[in-house]
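The structure appears right after this line, and notes come after that.
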Amino acid sequence: MADVCTFYSKIGACRHGDKCSRRHIHPRRSDTILIFNLYRNPKGSSQQIQQRFDQFYQDVFVYIARIGEIDAMVVCENDNDHLNGNVYVKFMNDTVAETVMNALNEEWYDALPIHCELSPVESFQDANCRAYDAGACSRGGHCNFMHIRRPTPEVKSVLHQAQDKWKVEKALEKVAPDDPLVVAMRERVKAYEEREARRKESEKKVTQESEKRVTEESEKRVTEENEKKRVTEENEKVKRVKSEESEKVSKIQETKIESNGHGEDKSTDNSKITKNEVGTNSQSTSAPADGSSITTTSAVEKLFSRR
1379 MADVCTFYSK IGACRHGDKC SRRHIHPRRS DTILIFNLYR NPKGSSQQIQ QRFDQFYQDV
1439 FVYIARIGEI DAMVVCENDN DHLNGNVYVK FMNDTVAETV MNALNEEWYD ALPIHCELSP
1499 VESFQDANCR AYDAGACSRG GHCNFMHIRR PTPEVKSVLH QAQDKWKVEK ALEKVAPDDP
1559 LVVAMRERVK AYEEREARRK ESEKKVTQES EKRVTEESEK RVTEENEKKR VTEENEKVKR
1619 VKSEESEKVS KIQETKIESN GHGEDKSTDN SKITKNEVGT NSQSTSAPAD GSSITTTSAV
1679 EKLFSRR
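Residue numbering for the sequence shown follows my numbering, beginning at 1379 and increasing consecutively.
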(Lines of atoms letter the chains of each structure in order from A and count residues from 1; the text may use other names and numbers.)
(Lines give C-alpha, C1' and ligand atoms only; values in the text may rest on other atoms or scores of the structure.)
Protein backbone atom coordinates (compact mmCIF):
# COMPACT_ATOMS: atom_id res chain seq x y z
CA MET A 1 0.00 0.00 0.00
CA ALA A 2 1.32 3.45 -0.92
CA ASP A 3 2.43 5.87 1.76
CA VAL A 4 0.23 8.78 2.80
CA CYS A 5 0.94 12.11 1.06
CA THR A 6 2.18 14.39 3.84
CA PHE A 7 1.58 17.54 1.80
CA TYR A 8 -2.08 16.69 1.28
CA SER A 9 -2.51 15.78 4.94
CA LYS A 10 -0.90 19.02 6.10
CA ILE A 11 -1.91 21.49 3.35
CA GLY A 12 -5.05 19.89 1.94
CA ALA A 13 -3.69 20.22 -1.62
CA CYS A 14 -1.01 18.51 -3.70
CA ARG A 15 0.60 19.67 -6.95
CA HIS A 16 0.25 16.15 -8.40
CA GLY A 17 -3.48 15.92 -7.69
CA ASP A 18 -5.03 12.52 -8.41
CA LYS A 19 -1.82 11.42 -10.17
CA CYS A 20 0.17 11.54 -6.93
CA SER A 21 1.95 8.25 -6.16
CA ARG A 22 1.02 8.65 -2.49
CA ARG A 23 -2.41 8.30 -0.94
CA HIS A 24 -4.67 11.31 -0.43
CA ILE A 25 -6.97 10.53 2.48
CA HIS A 26 -10.10 12.67 2.16
CA PRO A 27 -11.73 13.27 5.55
CA ARG A 28 -15.35 12.33 6.12
CA ARG A 29 -15.61 14.77 9.01
CA SER A 30 -13.58 17.95 9.51
CA ASP A 31 -13.80 21.39 11.11
CA THR A 32 -12.10 22.91 8.04
CA ILE A 33 -13.30 23.45 4.49
CA LEU A 34 -11.29 24.33 1.39
CA ILE A 35 -12.72 26.55 -1.36
CA PHE A 36 -10.59 26.01 -4.46
CA ASN A 37 -9.10 28.95 -6.41
CA LEU A 38 -11.72 31.45 -5.23
CA TYR A 39 -9.39 34.46 -4.98
CA ARG A 40 -7.92 35.76 -8.23
CA ASN A 41 -4.83 37.90 -7.82
CA PRO A 42 -5.61 41.32 -9.33
CA LYS A 43 -3.06 43.60 -10.98
CA GLY A 44 -2.29 47.11 -9.79
CA SER A 45 -0.33 48.97 -7.15
CA SER A 46 0.23 47.32 -3.77
CA GLN A 47 -2.32 49.69 -2.22
CA GLN A 48 -4.97 48.87 -4.85
CA ILE A 49 -4.34 45.15 -4.47
CA GLN A 50 -4.70 45.37 -0.68
CA GLN A 51 -7.94 47.35 -0.96
CA ARG A 52 -9.43 44.83 -3.36
CA PHE A 53 -8.31 41.96 -1.17
CA ASP A 54 -9.86 43.54 1.94
CA GLN A 55 -13.15 43.83 0.05
CA PHE A 56 -12.90 40.21 -1.11
CA TYR A 57 -12.08 38.99 2.39
CA GLN A 58 -14.99 40.93 3.84
CA ASP A 59 -17.50 39.64 1.25
CA VAL A 60 -16.53 36.01 1.76
CA PHE A 61 -16.33 36.29 5.56
CA VAL A 62 -19.75 37.94 5.90
CA TYR A 63 -21.43 35.51 3.52
CA ILE A 64 -20.05 32.43 5.27
CA ALA A 65 -20.64 33.84 8.77
CA ARG A 66 -24.36 34.07 7.95
CA ILE A 67 -24.37 30.26 7.57
CA GLY A 68 -22.02 29.30 10.39
CA GLU A 69 -19.67 30.89 12.90
CA ILE A 70 -16.11 31.26 11.62
CA ASP A 71 -13.15 30.43 13.83
CA ALA A 72 -10.43 31.40 11.31
CA MET A 73 -10.06 32.09 7.60
CA VAL A 74 -6.95 32.31 5.40
CA VAL A 75 -6.42 33.01 1.70
CA CYS A 76 -3.45 31.71 -0.34
CA GLU A 77 -1.68 33.66 -3.07
CA ASN A 78 0.87 31.01 -4.10
CA ASP A 79 2.19 31.21 -7.63
CA ASN A 80 1.00 27.71 -8.57
CA ASP A 81 -2.25 26.08 -9.64
CA HIS A 82 -2.97 23.82 -6.67
CA LEU A 83 -2.74 26.55 -3.99
CA ASN A 84 -3.28 29.89 -5.74
CA GLY A 85 -6.52 31.53 -4.60
CA ASN A 86 -7.48 28.75 -2.18
CA VAL A 87 -9.60 29.87 0.78
CA TYR A 88 -9.46 27.80 3.98
CA VAL A 89 -12.15 28.32 6.62
CA LYS A 90 -12.09 26.71 10.07
CA PHE A 91 -15.30 26.43 12.13
CA MET A 92 -16.16 25.60 15.70
CA ASN A 93 -17.24 22.06 14.83
CA ASP A 94 -17.53 19.66 11.90
CA THR A 95 -21.33 19.95 11.69
CA VAL A 96 -21.12 23.64 10.82
CA ALA A 97 -18.29 22.92 8.36
CA GLU A 98 -20.38 20.36 6.50
CA THR A 99 -23.41 22.67 6.41
CA VAL A 100 -21.35 25.52 4.96
CA MET A 101 -19.66 23.22 2.43
CA ASN A 102 -23.00 21.96 1.12
CA ALA A 103 -24.36 25.50 0.88
CA LEU A 104 -21.32 26.88 -0.95
CA ASN A 105 -21.27 24.07 -3.51
CA GLU A 106 -24.62 25.39 -4.76
CA GLU A 107 -23.33 28.96 -5.14
CA TRP A 108 -21.47 30.94 -7.79
CA TYR A 109 -18.83 33.61 -7.33
CA ASP A 110 -17.61 36.02 -10.01
CA ALA A 111 -19.63 34.16 -12.67
CA LEU A 112 -17.98 30.82 -11.81
CA PRO A 113 -19.29 27.88 -9.76
CA ILE A 114 -17.78 27.38 -6.29
CA HIS A 115 -15.94 24.10 -5.64
CA CYS A 116 -15.67 23.33 -1.94
CA GLU A 117 -14.71 20.23 0.08
CA LEU A 118 -13.77 19.17 3.60
CA SER A 119 -10.06 19.61 4.26
CA PRO A 120 -7.69 17.60 6.47
CA VAL A 121 -5.86 20.79 7.56
CA GLU A 122 -5.97 21.10 11.34
CA SER A 123 -3.51 23.94 11.93
CA PHE A 124 -3.06 26.94 9.64
CA GLN A 125 0.11 27.79 11.52
CA ASP A 126 1.74 24.45 10.64
CA ALA A 127 0.68 24.81 6.99
CA ASN A 128 1.98 28.38 6.71
CA CYS A 129 5.26 29.22 4.94
CA ARG A 130 7.21 31.23 7.52
CA ALA A 131 9.88 32.13 4.98
CA TYR A 132 7.22 33.81 2.82
CA ASP A 133 5.99 35.83 5.80
CA ALA A 134 9.56 37.02 6.26
CA GLY A 135 9.89 37.81 2.54
CA ALA A 136 12.58 35.17 2.11
CA CYS A 137 10.89 32.21 0.36
CA SER A 138 13.20 31.22 -2.49
CA ARG A 139 11.06 28.37 -3.85
CA GLY A 140 8.48 30.61 -5.52
CA GLY A 141 5.88 28.58 -7.39
CA HIS A 142 7.50 25.33 -6.24
CA CYS A 143 6.71 26.01 -2.58
CA ASN A 144 4.02 23.66 -1.26
CA PHE A 145 3.26 25.59 1.93
CA MET A 146 0.67 28.34 2.22
CA HIS A 147 1.67 31.82 1.07
CA ILE A 148 -1.03 33.62 3.02
CA ARG A 149 -2.45 36.97 1.96
CA ARG A 150 -3.72 38.78 5.05
CA PRO A 151 -6.34 41.52 5.35
CA THR A 152 -5.47 44.73 7.16
CA PRO A 153 -5.74 44.19 10.94
CA GLU A 154 -8.62 46.66 11.23
CA VAL A 155 -10.76 44.80 8.68
CA LYS A 156 -10.16 41.45 10.35
CA SER A 157 -10.91 42.84 13.81
CA VAL A 158 -14.15 44.52 12.70
CA LEU A 159 -15.36 41.35 10.99
CA HIS A 160 -14.81 39.16 14.04
CA GLN A 161 -16.39 41.76 16.31
CA ALA A 162 -19.39 41.99 13.98
CA GLN A 163 -19.70 38.22 14.04
CA ASP A 164 -19.71 38.24 17.85
CA LYS A 165 -22.24 41.06 17.86
CA TRP A 166 -24.38 39.19 15.37
CA LYS A 167 -24.41 36.20 17.68
CA VAL A 168 -25.57 38.41 20.55
CA GLU A 169 -28.25 39.99 18.38
CA LYS A 170 -29.49 36.60 17.21
CA ALA A 171 -29.74 35.52 20.83
CA LEU A 172 -31.58 38.74 21.71
CA GLU A 173 -34.04 38.17 18.89
CA LYS A 174 -35.31 35.09 20.64
CA VAL A 175 -36.04 36.89 23.91
CA ALA A 176 -36.61 40.50 22.75
CA PRO A 177 -37.71 40.63 19.09
CA ASP A 178 -38.69 44.34 19.35
CA ASP A 179 -35.39 45.47 20.84
CA PRO A 180 -33.86 48.35 18.79
CA LEU A 181 -30.66 46.35 18.47
CA VAL A 182 -32.57 43.42 16.98
CA VAL A 183 -34.54 45.69 14.63
CA ALA A 184 -31.28 47.24 13.40
CA MET A 185 -29.87 43.76 12.87
CA ARG A 186 -32.88 42.77 10.77
CA GLU A 187 -32.41 45.86 8.61
CA ARG A 188 -28.75 45.05 8.08
CA VAL A 189 -29.56 41.47 7.22
CA LYS A 190 -32.26 42.60 4.80
CA ALA A 191 -29.90 45.10 3.16
CA TYR A 192 -27.22 42.42 2.85
CA GLU A 193 -29.67 39.94 1.34
CA GLU A 194 -30.79 42.56 -1.18
CA ARG A 195 -27.17 43.22 -2.14
CA GLU A 196 -26.57 39.49 -2.51
CA ALA A 197 -29.68 39.15 -4.66
CA ARG A 198 -28.49 41.97 -6.92
CA ARG A 199 -25.02 40.44 -7.09
CA LYS A 200 -26.41 37.03 -8.04
CA GLU A 201 -28.69 38.60 -10.62
CA SER A 202 -25.74 40.50 -12.06
CA GLU A 203 -23.62 37.34 -12.16
CA LYS A 204 -26.48 35.46 -13.78
CA LYS A 205 -26.83 38.18 -16.40
CA VAL A 206 -23.10 38.14 -17.10
CA THR A 207 -23.19 34.36 -17.43
CA GLN A 208 -26.17 34.47 -19.79
CA GLU A 209 -24.55 37.18 -21.92
CA SER A 210 -21.34 35.17 -22.03
CA GLU A 211 -23.21 32.03 -23.08
CA LYS A 212 -25.18 34.00 -25.67
CA ARG A 213 -21.97 35.50 -27.05
CA VAL A 214 -20.36 32.07 -27.27
CA THR A 215 -23.46 30.68 -29.02
CA GLU A 216 -23.55 33.56 -31.50
CA GLU A 217 -19.85 33.18 -32.26
CA SER A 218 -20.31 29.46 -32.76
CA GLU A 219 -23.27 30.01 -35.09
CA LYS A 220 -21.29 32.65 -36.97
CA ARG A 221 -18.40 30.24 -37.45
CA VAL A 222 -20.78 27.55 -38.70
CA THR A 223 -22.39 30.01 -41.13
CA GLU A 224 -18.99 31.14 -42.42
CA GLU A 225 -17.87 27.53 -42.86
CA ASN A 226 -21.07 26.68 -44.73
CA GLU A 227 -20.64 29.74 -46.96
CA LYS A 228 -17.04 28.77 -47.72
CA LYS A 229 -18.18 25.25 -48.51
CA ARG A 230 -20.93 26.56 -50.80
CA VAL A 231 -18.52 28.87 -52.65
CA THR A 232 -16.02 26.04 -53.02
CA GLU A 233 -18.69 23.71 -54.43
CA GLU A 234 -19.86 26.39 -56.88
CA ASN A 235 -16.29 27.03 -58.04
CA GLU A 236 -15.75 23.31 -58.55
CA LYS A 237 -19.03 23.09 -60.47
CA VAL A 238 -18.00 26.00 -62.73
CA LYS A 239 -14.62 24.38 -63.34
CA ARG A 240 -16.30 21.07 -64.15
CA VAL A 241 -18.71 22.72 -66.62
CA LYS A 242 -15.85 24.62 -68.29
CA SER A 243 -13.85 21.41 -68.55
CA GLU A 244 -16.78 19.57 -70.16
CA GLU A 245 -17.34 22.42 -72.63
CA SER A 246 -13.65 22.45 -73.47
CA GLU A 247 -13.75 18.71 -74.14
CA LYS A 248 -16.78 19.14 -76.40
CA VAL A 249 -15.06 21.90 -78.39
CA SER A 250 -11.95 19.74 -78.77
CA LYS A 251 -14.00 16.80 -80.06
CA ILE A 252 -15.82 19.03 -82.56
CA GLN A 253 -12.51 20.39 -83.86
CA GLU A 254 -11.07 16.87 -84.19
CA THR A 255 -14.17 15.78 -86.12
CA LYS A 256 -13.83 18.71 -88.51
CA ILE A 257 -10.16 17.98 -89.11
CA GLU A 258 -10.92 14.32 -89.89
CA SER A 259 -13.73 15.34 -92.26
CA ASN A 260 -11.46 17.74 -94.12
CA GLY A 261 -8.79 15.05 -94.54
CA HIS A 262 -11.21 12.55 -96.17
CA GLY A 263 -12.55 15.25 -98.53
CA GLU A 264 -9.08 15.92 -99.93
CA ASP A 265 -8.53 12.23 -100.75
CA LYS A 266 -11.84 11.94 -102.58
CA SER A 267 -11.17 15.05 -104.63
CA THR A 268 -7.78 13.64 -105.57
CA ASP A 269 -9.33 10.35 -106.73
CA ASN A 270 -12.03 12.19 -108.58
CA SER A 271 -9.41 14.28 -110.32
CA LYS A 272 -7.60 11.12 -111.38
CA ILE A 273 -10.79 9.57 -112.68
CA THR A 274 -11.63 12.74 -114.47
CA LYS A 275 -8.21 12.82 -116.07
CA ASN A 276 -8.54 9.20 -117.24
CA GLU A 277 -11.95 9.85 -118.61
CA VAL A 278 -10.69 12.96 -120.28
CA GLY A 279 -7.78 10.99 -121.79
CA THR A 280 -10.11 8.32 -123.13
CA ASN A 281 -12.45 10.83 -124.53
CA SER A 282 -9.59 12.69 -126.09
CA GLN A 283 -8.37 9.47 -127.74
CA SER A 284 -11.82 8.80 -129.09
CA THR A 285 -12.18 12.26 -130.41
CA SER A 286 -8.69 12.14 -131.97
CA ALA A 287 -9.65 9.42 -134.48
CA PRO A 288 -9.73 10.40 -138.19
CA ALA A 289 -12.89 11.97 -139.29
CA ASP A 290 -13.13 9.93 -142.54
CA GLY A 291 -14.05 6.73 -140.63
CA SER A 292 -11.47 4.45 -142.44
CA SER A 293 -10.14 3.00 -139.26
CA ILE A 294 -13.57 2.18 -138.11
CA THR A 295 -14.38 0.57 -141.47
CA THR A 296 -11.20 -1.53 -141.42
CA THR A 297 -11.84 -2.67 -137.96
CA SER A 298 -15.39 -3.53 -138.86
CA ALA A 299 -14.24 -5.55 -141.94
CA VAL A 300 -11.73 -7.53 -139.86
CA GLU A 301 -14.34 -8.24 -137.23
CA LYS A 302 -16.71 -9.42 -139.92
CA LEU A 303 -13.96 -11.59 -141.46
CA PHE A 304 -13.16 -13.27 -138.14
CA SER A 305 -16.71 -13.65 -137.26
CA ARG A 306 -17.36 -15.49 -140.55
CA ARG A 307 -14.56 -17.88 -139.78
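Where is the CB? At the ideal position from N, CA and C, for every residue including glycine.
Measure from the alpha carbon of residue i to the alpha carbon of each residue in the options, then state which is nearest.
i	options	result
Y1510	N1456, E1614, F1434 and I1389	N1456
E1691	G1395, I1413, K1534 and S1424	Residue 1691 lies beyond the residue range present for the chain, which begins at 1379 and ends at 1685; the question has no answer from this structure.
A1450	R1444, G1463, K1534 and G1390	K1534
K1578	Q1433, P1491, K1468 and N1464	P1491
R1418	R1407, R1517, F1431 and Q1436	F1431
G1518	Y1570, V1567 and N1458	N1458
H1493	G1463, N1471 and S1501	G1463
R1406	T1473, V1467 and A1569	T1473
V1438	S1580, E1574, K1620 and K1607	E1574
R1393	E1636, I1630, K1607 and H1520	H1520
E1500	P1558, R1508, F1469 and V1600	F1469
K1580	W1486, T1633, D1381 and K1543	It is worth fixing the name first, because residue 1580 is Ser in this sequence and not Lys. When only C-alpha atoms are compared, the closest one is W1486.
Does DSSP classify residue i as helix, strand or coil?
i	result
D1488	coil
N1506	strand
L1412	strand
D1381	coil
S1628	helix
S1399	coil
S1497	strand
R1527	strand
R1573	helix
A1481	helix
L1537	helix
D1437	helix
N1604	helix
Y1417	coil
N1456	coil
N1522	coil
P1405	coil
D1556	coil
I1445	coil
R1566	helix
S1516	coil
S1423	coil
Return the bridge partner residues of residue i from the DSSP annotation.
i	result
I1635	DSSP lists no partner for I1635.
A1450	K1468
Taking Cβ to Cβ, would you say residue i is nearer than 8 Å to residue j?
i	j	result
S1408	P1498	yes
R1566	V1453	no
K1582	E1447	no
L1416	V1465	yes
V1584	A1489	yes
C1383	H1404	no
N1689	F1385	This structure cannot speak to residue 1689, because the chain is shown only from 1379 to 1685.
Pull up the CB-CB distance for residue i and residue j, whole angstroms please, since I reckon it's below 8 Å.
i	j	result
D1504	K1388	6 Å
A1481	I1411	10 Å between Cβ atoms; not a contact.
Q1541	A1443	5 Å
R1506	M1524	Checking the sequence shown, residue 1506 turns out to be Asn, not Arg. With a Cβ gap of about 5 Å, N1506 and M1524 count as contacting.
I1427	T1477	So it is not a contact: roughly 32 Å between Cβ atoms.
Y1435	P1529	4 Å
G1513	H1460	At roughly 23 Å, the Cβ-Cβ gap does not stay under 8 Å, so G1513 and H1460 are not in contact.
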